[in-house]
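Using our numbering, you'd call the opening residue of the sequence shown number 2 and step up by one each time.
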Amino acid sequence: MIRVAVCSYWHVHAEEYTDFILHHPDTELVGIWDEDAKRGERYAGRYHVPYYPILDDMLLREDIDAIVVVAPTSLHEDIMVKAAEAGKHIFTEKVLALTSAEAERIVNAVEANGVVLNVALRKLYERDIVTLRRIVEEGSIGDVSLVRVRMAHNGALAGWLPEHFYNRAECGGGAMIDLGCHPMYITRALLGMPETVTASYGYVTGKEVEDNAVALLQYTGGAIGIAETGFVTGQSPFMIEIHGARGSIMYGMPDEQIRIRLNEGDGEWNIVPFDEPIPNMFEQWVGHVQCREVSMDNVKMALDLTKLMEAANEAAVSGKAVAVNVM
């Protein structure tokens, strides 16, 4: 049994991740720390576990094996470096950190102390993206020249996002670094790392951070990736377009099916069956902890995602293309 403590209920996914812990046969919720003491005590009472007011004290406990980090992104480095040094395995909400330097320090601490880190890049393990990646890797549509991924909701307009999601100091940005992570790492998974990133951010509701955003990823050889997101489009579906030299793939509207049309085919959009599902992000982390194996693909993708977010934020401010360091 893996004994897990939750670090903060700041993020909207914190209760979902707690449910993962409670319902997995190999994990047990054993404690809570929160930077907001009242919130932490409230959740500790709800789940009938101890609340630890001091993070360092909780991390030193031998009856805690791992932590789930759902704290402000600005606290990620401090929490995870301390956890790794205390020998605790880590499952964390994306992004890994606000900057590449912080992310590298986290990964270095994880590697130095032999603990398992998984970042919640949930879409990578869902059947739609698993199937799309396989089709692209098989080469059915030839060399890919364009990928467009859109994921958005109306959280800012409808008011259901917590107000602290618009706090730049805590979040590092707005729609792009939160919801836009998914289009960004999906584009990265399908096309690899780009040479440069440009970005345009909109402020429809007048918040401190952007609520409407697009990033353009430019690749050697002319390929382009487009990552779109926002908090102001309630009817915007999750959509993916992939265009290659020999055909195109569409996913999303109107019925969440994958369709492919080849240049030399019958001219029809043909539905592609989904691949078999694979374990979700939390189940994979549990398996890695049990085997003491680090998912380097997940860690590398998380590091790349932080680099891309850092570049997009810089590009949105400067209005210029920002080179991405892929080392």
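For glycine and all other residues, C-beta sits at the position ideal for the given N, C-alpha and C.
Three-state secondary structure assigned by DSSP to residue i
i      : result
Thr100 : coil
Arg149 : strand
Gln236 : coil
Met328 : Confidence at Met328 is low in this model, with a pLDDT of 41, below 50, so the placement of that residue is unreliable and no value is reported for it.
Glu63  : coil
Trp286 : helix
Ile130 : helix
Asn281 : coil
Phe92  : strand
Gly245 : strand
Thr28  : strand
Pro51  : coil
Val300 : helix
Gly320 : coil
Gly41  : helix
Glu294 : coil
Asn314 : helix
Tyr252 : strand
Leu122 : coil
Glu229 : strand
Asn213 : strand
Asn264 : coil
Val137 : helix
Ile259 : strand
Ala72  : coil
Ala84  : helix
Ile272 : strand
Val111 : helix
Ile33  : strand
Ala224 : coil
Ile142 : coil
Within 9 Å, strictly: CB atoms of residue i and residue j
i      : j      : result
Glu211 : Tyr202 : yes
Ile68  : Glu29  : no
Ala224 : Ser146 : yes
Ile142 : Arg247 : yes
Ala104 : Glu86  : no
Ala190 : Ile130 : yes
Glu42  : Ser9   : no
Leu97  : Val120 : yes
Leu122 : Ala312 : no
Ser237 : Ala317 : no
Val148 : Leu180 : no
Ile178 : Asn299 : no
Ile241 : Arg128 : no
Thr132 : Asp267 : no
Ile65  : Gly32  : yes
Phe166 : Val13  : yes
Leu306 : Lys124 : no
8 Å contact criterion, which residue i and residue j should meet: CB distance rounded
i      : j      : result
Thr206 : Leu158 : 7 Å
Pro73  : Trp11  : 5 Å
Val5   : Ile22  : 5 Å
Thr1   : Ala214 : Look at the range of the chain in this structure, 2 to 328, and you will see that residue 1 is not part of it.
His25  : Val290 : Wrong, their Cβ atoms sit about 11 Å apart, outside the cutoff.
Ser75  : Gly173 : 7 Å
Phe239 : Ala176 : Not a contact, Cβ separation roughly 14 Å.
Tyr48  : Thr19  : 7 Å
Asn326 : Lys308 : 7 Å
Trp7   : Val71  : Note that residue 7 is Val in the sequence shown here, rather than Trp. With 8 Å as the limit, Val7 and Val71 qualify as a contact, their Cβ atoms being about 7 Å apart.
Ile272 : Gln258 : 5 Å
Leu118 : Val295 : 7 Å
Asp144 : Gly245 : 6 Å
Tyr126 : Pro274 : Rounded, the Cβ-Cβ distance is 18 Å, inconsistent with contact.
Distance cut-off 8 Å: residue i Cβ against heavy atoms of the ligand NAP
i      : result
Met194 : No copy of the ligand NAP occurs in the structure displayed, which carries no ligand at all.
Contained alpha helix (DSSP H) runs [length at least 4] in the region 153-208, N- to C-terminal order: Within the region 153-208, the runs of alpha helix (DSSP H) at least 4 residues long that lie entirely inside it are, in chain order, 156-159, 169-172 and 182-192.
The region 210-226 / the region 189-200 touching (three or more Cβ pairs under 8 Å): Counting C-beta pairs closer than 8 Å gives three or more between the region 210-226 and the region 189-200, which meets the contact rule.
Stretch pair the region 42-62 + the region 243-262: three plus CB contacts closer than 8 Å: No, the region 42-62 does not touch the region 243-262.
Touching by the beta-carbon criterion (3+ pairs, under 8 Å), the region 183-190 and the region 279-295: No, the region 183-190 does not touch the region 279-295.
Stretch pair the region 103-113 + the region 262-280: three plus CB contacts closer than 8 Å: With contact defined as three or more Cβ pairs closer than 8 Å, the region 103-113 and the region 262-280 are not in contact.
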